[in-house]
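Each protein sequence line maps, in turn, to chains A and B. Numbering-wise (my numbering), the first sequence opens with residue 896 and increments by one. Numbering-wise (my numbering), the second sequence opens with residue 896 and increments by one. Okay, structure first, notes after.
Protein chains: 2
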Amino acid sequence: MKQLLEEFETYLNTHLPQSKSFHPNFEKALQEMLRAGGKRFRPMLLLSVVQAKQSLLIKNAMSVALGLELLHTYSLIHDDLPAMDDASLRRGYPTLHTTYDEVTAILVGDALNTHAFNLLANAAFSNDVKIELIKILSSDGGIDGMIIGQAIDCYFENQKVELSQLEFLHIHKTAKLIAASLKMGAIIAGLSDEVQEKLYAFGIDIGLLFQIQDDIIDETQSEEEAGKTTNNDGAKNSFVNLLGLNGAIKSANELANKCKETLNQFDTELNTSLHQLLQKYLYRHQ
Amino acid sequence: MKQLLEEFETYLNTHLPQSKSFHPNFEKALQEMLRAGGKRFRPMLLLSVVQAKQSLLIKNAMSVALGLELLHTYSLIHDDLPAMDDASLRRGYPTLHTTYDEVTAILVGDALNTHAFNLLANAAFSNDVKIELIKILSSDGGIDGMIIGQAIDCYFENQKVELSQLEFLHIHKTAKLIAASLKMGAIIAGLSDEVQEKLYAFGIDIGLLFQIQDDIIDETQSEEEAGKTTNNDGAKNSFVNLLGLNGAIKSANELANKCKETLNQFDTELNTSLHQLLQKYLYRHQ
């Protein structure tokens, strides 16, 4: 798992999007938040499925994993804009609109969004596989997923929502892209439709768990510990605000147990690979 | 030509992107700038090529043409943001950040960008054709085209650039997506690589011409006539500012003549179809 993450980091750093022109700093800005680090959770979900079931394809899967990271990174850059969270810190570095300006942050975000699809279209898989991957990413990373989730999150920033609405919000804002990451790995590995859908449903659960944990981190960690602007979610709808800190932790633990049970229903290879991954990224608050 | 435009308008209005949720106005905002009209120049370029060479495919090409319009519309919405042009009027309607807020304008732009690729991936063509279309749109509509052009345009807003740099700017900001529209039509129609490349090169010329004319419109027309915020380009790099109004008109006329000559090198069907289109959209200042 550690080795796979290192391989992905190396791949990312040698395949950063390029943009040659006489613009003095656009290319640097384009690469900055990708270089800055991050958990690489979504790429690792995809790569873990591929490694478990079709390890020979792992090299070809790298560019698709990078596409996922581009899409996720663009969403962070736009979420951090002054009109949204107005965050000053991300991945331990100043946000792009702080270092450069809003124009740069908007355009770098746009560029990473579009370029994610360019990477998928140019990946070394059959066109049939690539079209499936693009359908999923453009749906779960778009108006059927991440973007409507973010729109709801922003709109209801100062209005209380019900628990079912908060779940809808986070399933769309966070969980669908995480579920898509697993399913895209399954498509690359040529797994059956049934396993694809099981992995997708599992991804929704761990996505929700991931978001609850993120809310808990925002409540309990300092900026230095989290490497991003935190505690600015006090007025926002979060599981912590709706359920209380203890309620959120309880909810996270319950969901973590459900995820563990589901994990046991996958075959040994998937189980082992995903278990290692979740051990690292989740189950942090138990 | 008029009939084809009407068909596209009907298609657009019955296939607007949908986003069902409890958000009170995101779906409305998502559709607003698409409904608002616009020249539909890029979709019409694609459709004109398809109609000229493979008219039976015109119905299937509609969703790809719509994808082009989505990508173009997102770029206008983001260009109009307060951090960029801070425009209040677009396509004769208040800009999205005026009617709603900046968050909505940013997210609607993001959504239209992503959804363009969803439309292409789901179009009724072979996966081989669709991957080619996605490669082109994600390149010419991304960091190799429109986005680096816009980044340069913004960065050098208050600095004079040389004519070669201004051409680079507009080839990337405007012409490449126009050229891509023609080439995508050629790919759908199954035309040879040679014709694809000829159409692409022709598109770069008419894209440049289109931009020079846009600069002239910004200089000479009122907001009411143009249906968008105009005359805010005084400090900006434009052909009018670099060459003077007469120089820009002269340059537009020369380029228009070059385009007419190139047009005669295409076969009769393409020539007739594109001539009608350009008659409507270009040659306006002769």
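Virtual Cβ for every residue (Gly too), placed ideally from N, Cα, C.
What ranges does the alpha helix (DSSP H) occupy inside the stretch 965 to 1038 of chain B, keeping only unbroken runs of at least 4 residues that lie completely in it?
Whole alpha helix (DSSP H) segments, 4+ residues: 991 to 994, 997 to 1016, 1022 to 1035.
ask   = Looking at C-beta atoms only, is the number of pairs between the stretch 1028 to 1039 of chain A and the stretch 1008 to 1017 of chain B that lie closer than 8 Å three or more?
value = Between the stretch 1028 to 1039 of chain A and the stretch 1008 to 1017 of chain B, the count of Cβ pairs shorter than 8 Å is three or higher; the stretches touch.
*Shorter than 7 Å from the beta carbon of Y1050/B to some beta carbon of chain A?*
By the rule that beta-carbons nearer than 7 Å mark a contact, Y1050/B touches chain A.
(request) Could you check what DSSP says for M896/B in three-state terms: helix, strand or coil? (result) Here DSSP, grouped into helix, strand and coil, assigns M896/B to coil.
Query raised in the report: Closest by CA to H910/A, which one among N1022/A, P977/A, L925/A, Q898/A?
Result: That would be L925/A, whose Cα lies nearest to the Cα of H910/A.
Open item on the list: Quick check on the DSSP output: the alpha helix (DSSP H) that includes T1157/B runs from which residue to which?
Closed with: For T1157/B, the uninterrupted alpha helix (DSSP H) segment begins and ends at 1134 to 1158.
From the beta carbon of S1033/B, is the nearest beta carbon of chain A less than 7 Å away?
Judged by the 7 Å Cβ criterion, S1033/B is in contact with chain A.
inquiry  = Between which residues of its own chain and D980/B is the CB-CB distance below 6 Å, once the five residues before and five after are set aside?
reply    = Closer than 6 Å at the Cβ level, and outside the excluded window around D980/B, lie D974.
query: Under 7 Å Cβ-Cβ, which residues of chain A neighbour D1005/B?
result: For D1005/B, the chain A residues whose C-beta falls within less than 7 Å of its own C-beta are H973, N1008, I1042, listed in chain order.
Does the separation of the CB atoms of A1016/A and N955/A fall below 7 Å?
Contact flag unset, no.
**Study point:** Inter-residue spacing [alpha-carbon to alpha-carbon] between F953/A and P938/A
**Key:** Position check: residue 953/A holds Ile in this sequence, whereas Phe was assumed. In this structure, the alpha-carbon of I953/A lies about 11 Å from that of P938/A.
Review point. Cβ of T990/B within 7 Å of Cβ of A982/B?
Key: It is a contact, given that the beta carbons lie within the stated cut-off.
At least one CB of chain A closer than 7 Å to the CB of D1088/B: is that the case? No, D1088/B lies away from the interface with chain A (no Cβ there is under 7 Å from its Cβ).
Reference E1114/B; option with closest CA among F1134/B, L1104/B, V945/B:
The residue with the shortest Cα to Cα distance from E1114/B is F1134/B.
Output, in chain order, the set of chain A residues within a Cβ distance shorter than 7 Å of M1079/B.
Within chain A, no residue has its beta carbon less than 7 Å from that of M1079/B; the closest one is some 13 Å off.
Completely contained alpha helix (DSSP H) runs for the stretch 914 to 969 of chain A, where each covers 4 or more residues: Taking only runs of at least 4 residues, the alpha helix (DSSP H) segments lying wholly in the stretch 914 to 969 of chain A are 921 to 930, 936 to 948.
Are H1067/A and I1101/A closer than 7 Å when you measure CB to CB? It is not a contact, given that the beta carbons lie outside the stated cut-off.
Quick one: Cα of Y1176/B to Cα of A1070/B, how far? C-alpha separation (whole angstroms): 14 Å.
- Query: For H1065/A, which three-state DSSP category applies?
  - Reply: Three-state DSSP puts H1065/A in a helix.
Three Cβ pairs or more, each shorter than 8 Å: is that satisfied between the stretch 1149 to 1159 of chain A and the stretch 912 to 921 of chain B?
They do not touch, by the three-pair rule.
Same chain only: Cβ atoms within 6 Å of L966/A, ignoring 5 sequence neighbours per side: Cβ neighbours of L966/A within its own chain (closer than 6 Å, five residues either side excluded): A1011, G1036.
Using the Cα positions of S1076/A and L1165/B, report the straight-line distance between them to the nearest angstrom.
-> Straight through space, the alpha carbons of L1165/B and S1076/A are spaced by roughly 43 Å.
(request) Would you check whether the ligand ZN has a heavy atom nearer than 6 Å to the C-beta of H992/B? (result) Of the ligands one can find in the structure shown there are none, so the ligand ZN has no counterpart to examine.
Query raised in the report: Is it the case that the Cβ atoms of A1081/A and I1099/A are separated by a distance below 7 Å?
Result: Cβ distance not < 7 Å, so A1081/A and I1099/A don't count as in contact.
In or out: E1089/B buried (at least 16 other Cβ within 10 Å) or exposed? The C-beta of E1089/B has fewer than 16 other C-beta atoms within 10 Å across all chains shown, which makes the residue exposed.
Checklist entry - Can you tell me whether DSSP reads D1128/B as helix, strand or coil? => result Annotation note: pLDDT 49 at D1128/B (below 50); position unreliable, coordinate value reported separately. Collapsing the DSSP output to three states places D1128/B in coil.
Consider the Cβ of M979/B: report whether some Cβ of chain A lies at a distance smaller than 7 Å. Closer than 7 Å to some Cβ of chain A, the Cβ of M979/B qualifies, so yes.
Return the first residue and the last residue of the alpha helix (DSSP H) that D1110/A is part of.
Going by DSSP, D1110/A is part of the alpha helix (DSSP H) stretching over 1088 to 1115.
Classify G933/A as buried or exposed, calling it buried when 16 or more other Cβ atoms lie within 10 Å of its own Cβ.
Under this definition G933/A is a buried residue.
Within its chain, find whatever has a CB closer than 6 Å to the CB of N1141/B; leave out the 5 residues flanking it on each side and keep chain order. The beta carbon of N1141/B is closer than 6 Å to none in its chain, skipping five residues each way along the sequence.
So what does DSSP say about G1044/A, is it helix, strand or coil?
In the three-state scheme derived from DSSP, where H, G and I count as helix and E and B as strand, G1044/A is classed as helix.
| task | Take Y988/B as the anchor and find which of K1078/B, M928/B, E1092/B has the nearest alpha-carbon. | result | Taking each of K1078/B, M928/B, E1092/B in turn and checking the Cα distance to Y988/B, the smallest one comes out for M928/B.
With a CB to CB cut of under 8 Å and the five nearest residues on each side skipped, what residues in its chain are close to K1025/A?
-> The beta carbon of K1025/A sits closer than 8 Å to those of L1015, A1016, A1018, all from its chain and outside the five residues before and after it, given in chain order.
Please list, in chain order, all residues of the same chain as Y969/B whose beta carbon is under 7 Å from its beta carbon, the five residues on each side excluded. Answer for Y969/B: G1004, L1007, N1008, listed in chain order.
Neighbourhood of D1128/B by C-beta, 6 Å cutoff - its chain only, sequence neighbours within 5 removed: Legend: pLDDT at D1128/B = 49, less than 50; position of this residue unreliable, no value from coordinates given.
Check for me: the alpha helix (DSSP H) holding N1166/B runs from which residue to which?
Residues 1163 to 1176.
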